[in-house]
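Peer 1: Following this message is one structure expressed as structure tokens.
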Amino acid sequence: MVKLEIFNILYQEGDINLVVDTNVEGVRVPPYLYGKITNFILGNSPSPHLQADENGITAPLRFGETRFTCYFPWSSVRAMISRLAVVNFPTSGEKEGEEKAKDEPPRLKLVK
6 MVKLEIFNIL
16 YQEGDINLVV
26 DTNVEGVRVP
36 PYLYGKITNF
46 ILGNSPSPHL
56 QADENGITAP
66 LRFGETRFTC
76 YFPWSSVRAM
86 ISRLAVVNFP
96 TSGEKEGEEK
106 AKDEPPRLKL
116 VK
């Protein structure tokens with residue numbers, strides 16, 4: 006699974022901002038976040054409760070004073086942003102390598 010490999014590499018280097026489509030079946034987030042494309046920051050501090058496997062990511066996150074265990078299937082992850090890179094993933098309606106409009110930003114940028 007390419008997304009899992011990319012996640013593991015980026016997460017070892019620091020925090021990751023996940024861009025998640027909460028409309029995708031299987032996503033678990035607080036009710037007020039459903040139906041949106043939402044950013045979630047996964048801090049790179051050791052947590053035995055954060056798990057990433059071939060199905061997706063389970064992460065206990067804090068929303069104000071409330072903790073909520075979120076679940077993001079890989080199909081819901083639209084981008085991963087770290088200090089090393091910005092990686093965008095095609096939606097189910099797009100194909101990898103499909104021609105994009107010229108004014109669209111690149112799919113991978115090196116951040117220094």
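Residue numbers for the sequence shown follow my numbering, so the first one is 6 and each next one is one higher. The beta carbon of each residue, even a glycine, is placed where N, CA and C say it ideally should be.
1. Do Lys8 and Phe94 have their beta-carbon atoms positioned less than 8 Å apart in this structure?
2. For Pro95, name the three-state secondary structure that DSSP assigns.
3. Less than 6 Å between C-beta atoms, sequence neighbours within five positions excluded: which residues of the same chain meet that for Glu30?
4. How many angstroms separate the CA atom of Leu15 from the CA atom of Glu70?
5. Using the C-alpha atoms, what's the distance from Cys75 back to Pro65?
6. Secondary structure at Tyr16, three-state DSSP: helix, strand or coil?
Peer 2: Quick look at the numbers:
1. yes
2. DSSP places Pro95 in the coil class of the three-state scheme, outside both helix and strand.
3. If we look at Glu30 and ignore the five residues flanking it on each side, it has no Cβ neighbours.
4. 27 Å
5. 6 Å
6. helix
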